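*Asks:*
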Amino acid sequence: MTKARSAFLAAAEERGFLHQITDRAGLDALLAAGPVTSYIGFDCTADSLHVGSLLQIMLLRLWQKTGNKPIVLMGGGTTKVGDPSGKDETRRMLSEAEIAANMAGIRRVFERFLTFGDGKTDAVMVDNAEWLDRLEYIPFLREYGRHFSVNRMLSMDSVKLRLEREQPLTFLEFNYMVLQAYDFLELARRYNCAVQMGGSDQWGNIVMGVELGRRAEERVLHGVTSQLVTTSSGAKMGKTAQGAVWLNADRLSAYDYWQYWRNTEDADVGRFLRLFTDLSMAEIKRVDALKDGEINRAKIVLATEATALAHGRKVADEAAETARRVFAEGGIGANLPVTETSKAELGSGQPAIHYFHRTGLAPSLSEARRLIRGGGARINDKVVADENAKLSLADLNADGVIKLSAGKKRHALVKPV
RNA sequence: GGAGGGGUUGCGGAGCGGUCAAACGCAGCAGACUGUAAAUCUGCCCUCUUCGGAGUUCGGUGGUUCGAAUCCACCCCCCUCCA
Numbered sequence: 506m507t508k509a510r511s512a513f514l515a516a517a518e519e520r521g522f523l524h525q526i527t528d529r530a531g532l533d534a535l536l537a538a539g540p541v542t543s544y545i546g547f548d549c550t551a552d553s554l555h556v557g558s559l560l561q562i563m564l565l566r567l568w569q570k571t572g573n574k575p576i577v578l579m580g581g582g583t584t585k586v587g588d589p590s591g592k593d594e595t596r597r598m599l600s601e602a603e604i605a606a607n608m609a610g611i612r613r614v615f616e617r618f619l620t621f622g623d624g625k626t627d628a629v630m631v632d633n634a635e636w637l638d639r640l641e642y643i644p645f646l647r648e649y650g651r652h653f654s655v656n657r658m659l660s661m662d663s664v665k666l667r668l669e670r671e672q673p674l675t676f677l678e679f680n681y682m683v684l685q686a687y688d689f690l691e692l693a694r695r696y697n698c699a700v701q702m703g704g705s706d707q708w709g710n711i712v713m714g715v716e717l718g719r720r721a722e723e724r725v726l727h728g729v730t731s732q733l734v735t736t737s738s739g740a741k742m743g744k745t746a747q748g749a750v751w752l753n754a755d756r757l758s759a760y761d762y763w764q765y766w767r768n769t770e771d772a773d774v775g776r777f778l779r780l781f782t783d784l785s786m787a788e789i790k791r792v793d794a795l796k797d798g799e800i801n802r803a804k805i806v807l808a809t810e811a812t813a814l815a816h817g818r819k820v821a822d823e824a825a826e827t828a829r830r831v832f833a834e835g836g837i838g839a840n841l842p843v844t845e846t847s848k849a850e851l852g853s854g855q856p857a858i859h860y861f862h863r864t865g866l867a868p869s870l871s872e873a874r875r876l877i878r879g880g881g882a883r884i885n886d887k888v889v890a891d892e893n894a895k896l897s898l899a900d901l902n903a904d905g906v907i908k909l910s911a912g913k914k915r916h917a918l919v920k921p922v
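Going by my numbering, the first residue of the first sequence is number 506, and it counts up by one from there.
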């Protein structure tokens, strides 16, 4: 493969973003000639995005940074249908109000990663409900339905896998790819959008759009998919025991976000630095050269850089400092979650398990007991031996708080007010 | 509409009248070893518990039985084939 001439392709390929491109040479030539508009669609199934979508976000960011215009397409319309790709189960139907609320939350996430505005390379956010909600069934079928082959659609992975696994697929969902293809055409008309990007599971849907553009209006459209990012152990990214790794602070604190990246497996550090930070390749090579125990320094760089993108530099530095104090000095960092209680309650000598439960370190009282039995619970860094141990005012440390720990990594403070 | 198969604890998947809070695998949590890594080993993994137990689970509702995830009836949902 020859080296790309365009800044975007050169950078995206060097950093390992890309999986498939419909017409690499054609796209490269287009990009080299001037700013190009591309889009990625996001469904509004939750009020934030998580790390699973981060690669797509970074791809748009890179697109903008290399002098092009990104469109964030909110799936206000398609969310009402539900994408069957990669899922065995039909999605729950969301109400319009839920979708609107989710969209507002997602918008805030993007404001961190992209520059929005009216300029030539400023990002814009568009909602496909604008046109999908108004489609008329018969005219739509006559005008666009004829360009879609059911034979072809049945061979698409998203559909085929459901059928093979004997999982239900409703007609509603079957239409998803048609609508996504139509989105592409609509964006091409409205914004002269020439490229659709997406995760590798979107390949089929993207190609449908490219083909629709050609068949319906002889437009030349391009499709690009990103690598599927899994950890070296094969797990999908973005899931932890506590749930998804969300990108907004209401859902997941900056400190926990920082910790997520800090705990990256050795084998993933270099790859993640390239994908999820803005560091230059030279810088990344330098950091990635660290080996063995030293690699922890690279993980700290990764965590801080990734957190800075999602939550801001200042917050990222604070998270790093908190972690340093908690782990290196065994102390208490400012960013640990605090659960408030009253002096009176604390003085009454409630069992420690209550506090482990209340702080969220244990999902139930039974779990808290198990944690203590297993030797994983600590109060002020001292292992709790007795599962009926009680907490009292005497446990307050010099800072006037009690530090509870579940395992080495999860800590919380109890503070009387 | 007809015939057949199926719905079990996060997932996969055993169980098919008592010994079932339900094998096993995966995921997860904790401990050991480490580097806040991976791998490995150990323990835990429905809820509550005064640690003796207690209470709710096997699509739903009734029933048979001393006793039902297991048998019966009806209902709901899914799959396959036929129409």
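Glycine included, every Cβ here is placed at the ideal spot set by N, Cα and C.
Since the model is a prediction, treat every value here as computed from it, not as a measurement.
Output needed for glycine 591: all residues of its chain with C-beta closer than 6 Å, excluding positions within five of it in sequence on either side, in chain order.
*Replies:* Low confidence applies to glycine 591: its pLDDT is 46, below 50, so where it sits in the model is not reliable enough to give any reading.
*Asks:* Quick one: using the 10 Å Cβ neighbour count with 16 as the cut-off for buried, is tyrosine 765 buried or exposed?
*Replies:* Buried, by the Cβ-count rule.
*Asks:* Identify every residue that forms a DSSP beta bridge with arginine 883.
*Replies:* Answer by DSSP bridge pairing, in chain order: Val888 and Ser910.
*Asks:* If you run the structure through DSSP and keep just helix, strand and coil, what is methionine 563?
*Replies:* In the structure shown, methionine 563 sits in a helix (DSSP, three-state: H, G or I).
*Asks:* Which of helix, strand or coil does DSSP assign to phenylalanine 547?
*Replies:* Strand.
*Asks:* How would you write the range of the alpha helix (DSSP H) that glycine 731 sits in, first residue to last?
*Replies:* Looking at the sequence provided, one finds serine at residue 731 rather than glycine. No alpha helix (DSSP H) contains serine 731, which is instead part of the beta strand (DSSP E) from 727-731.
*Asks:* Check the C-beta distance from glycine 557 over to arginine 779 and give it rounded, since I have them as a contact under 8 Å.
*Replies:* Wrong, their Cβ atoms sit about 18 Å apart, outside the cutoff.
*Asks:* If we ignore side chains and look at the alpha-carbon of each, how far apart do glutamate 716 and arginine 724 end up?
*Replies:* Answer to the nearest angstrom: the Cα atoms are 9 Å apart.
*Asks:* Relative to the C-alpha of glycine 580, which residue among Tyr544, Lys796 and Arg874 is closest?
*Replies:* If we check each option's Cα against that of glycine 580, Tyr544 comes out closest.
*Asks:* Excluding the 5 residues preceding and the 5 following valine 820 in the sequence, name in chain order all residues of the same chain whose CB lies nearer than 6 Å to its CB.
*Replies:* Counting only Cβ-Cβ distances below 6 Å, and skipping sequence neighbours, we find Ala759.
*Asks:* So if DSSP puts methionine 682 in a beta bridge, which residue, or which two residues, is it bridged to?
*Replies:* BP columns for methionine 682 are empty, so no partner.
*Asks:* Under three-state DSSP, which class holds alanine 746?
*Replies:* Note that alanine 746 scores a pLDDT of 47, beneath 50, so its modelled location is shaky and nothing firm can be said.
*Asks:* Pick from Val831, Gln525, Thr809 and Gln569: whose alpha carbon is nearest that of phenylalanine 513?
*Replies:* Ranking Val831, Gln525, Thr809 and Gln569 by Cα distance to phenylalanine 513 puts Gln569 first.
*Asks:* So, do the segment 804-812 and the segment 779-788 have three or more beta carbon pairs nearer to each other than 8 Å?
*Replies:* Counting Cβ pairs under 8 Å, three or more are found: they touch.
*Asks:* What is the DSSP secondary structure of glycine 961, counted as helix, strand or coil?
*Replies:* The chain is shown from 506 up to 922; residue 961 falls before or after that span and cannot be answered.
*Asks:* Mapping DSSP to helix, strand and coil, what is glutamine 855?
*Replies:* In the structure shown, glutamine 855 sits in coil (DSSP, three-state: anything other than H, G, I, E or B).
*Asks:* Hey, out of Ser600, Tyr696, Leu560 and His555, whose CA is closest to lysine 625's CA?
*Replies:* It is Tyr696.
*Asks:* Mind listing, in chain order, the continuous alpha helix (DSSP H) runs of no fewer than 4 residues lying wholly within the segment 617-666?
*Replies:* Within the segment 617-666, the complete alpha helix (DSSP H) runs of at least 4 residues are 634-637, 642-648 and 655-660.
*Asks:* Please name the residue or residues paired with threonine 542 in a DSSP beta bridge.
*Replies:* Looking at the DSSP assignment, threonine 542 forms a beta bridge with Lys574 and Cys698.
*Asks:* For asparagine 710, I'd like the list of residues in its chain whose CB is within less than 6 Å of its CB, leaving aside the five on either flank, ordered along the chain.
*Replies:* Met682 and Gln685, listed in sequence order.
*Asks:* So the candidates are His816, Leu841 and Met563; which of them puts its Cα closest to the Cα of alanine 911?
*Replies:* Nearest C-alpha to alanine 911: Leu841.
*Asks:* Do alanine 849 and isoleucine 858 have their beta-carbon atoms positioned less than 9 Å apart in this structure?
*Replies:* For isoleucine 858 and alanine 849, no; Cβs fall outside 9 Å.
*Asks:* Could you give the distance in angstroms between the alpha-carbon of proline 921 and the alpha-carbon of arginine 883?
*Replies:* Spanning the two alpha carbons is a distance of roughly 19 Å.
*Asks:* To test your reading of the DSSP string, which unbroken beta strand (DSSP E) runs of 3 or more residues are found completely within the segment 753-788?
*Replies:* For the segment 753-788, not a single whole beta strand (DSSP E) run of length 3 or above is found.
*Asks:* Tell me, to the nearest whole angstrom, how far the beta carbon of aspartate 688 is from that of asparagine 633; I am working on the premise that it is less than 8 Å.
*Replies:* So it is a contact: roughly 5 Å between Cβ atoms.
*Asks:* Rank Leu567, Ala803 and Gly582 by C-alpha distance to the C-alpha of phenylalanine 547 and give the top, closest one.
*Replies:* Looking at the Cα atoms, Gly582 is the closest of the given residues.
*Asks:* Keeping to the same chain, check which residues put their C-beta closer than 7 Å to that of arginine 878; ignore five residues upstream and five downstream.
*Replies:* The residues are Glu892.
*Asks:* Return the chain-ordered list of same chain residues with a C-beta closer than 8 Å to the C-beta of glycine 531, the five sequence neighbours on each side being excluded.
*Replies:* Contacts found: Val725 and His727.
*Asks:* Just to confirm my understanding: we take arginine 915, look at its own chain, exclude 5 residues before and 5 after, and list those with CB closer than 7 Å. What are they?
*Replies:* Excluding positions up to five away in sequence, the list reads Leu866.
*Asks:* What number of angstroms, rounded off, separates the C-alpha of cysteine 698 from the C-alpha of aspartate 662?
*Replies:* Each residue's Cα considered, the two are about 26 Å apart.
*Asks:* Do you know how far the Cα of histidine 816 is from the Cα of arginine 802?
*Replies:* Taking the straight line joining both Cα atoms gives about 21 Å.
*Asks:* Would you call arginine 767 buried or exposed, if buried means 16 or more other Cβ atoms sit within 10 Å of its Cβ?
*Replies:* Arginine 767 comes out buried.
*Asks:* Spell out the partners DSSP gives histidine 862 in its beta bridges.
*Replies:* Partner(s): none; histidine 862 has no beta bridge.
*Asks:* Would you say leucine 619 and isoleucine 526 are within 9 Å of each other, going by their C-beta atoms?
*Replies:* Their beta carbons are not under 9 Å apart, which means leucine 619 does not touch isoleucine 526 by this criterion.
*Asks:* Output yes or no for whether 9 Å exceeds the beta carbon distance between threonine 994 and arginine 874.
*Replies:* Outside the displayed span of the chain (506 to 922) sits residue 994, for which this structure offers no information.
*Asks:* Kindly indicate which three-state DSSP category leucine 901 falls into: helix, strand or coil?
*Replies:* Leucine 901: coil per DSSP, three-state reduction.
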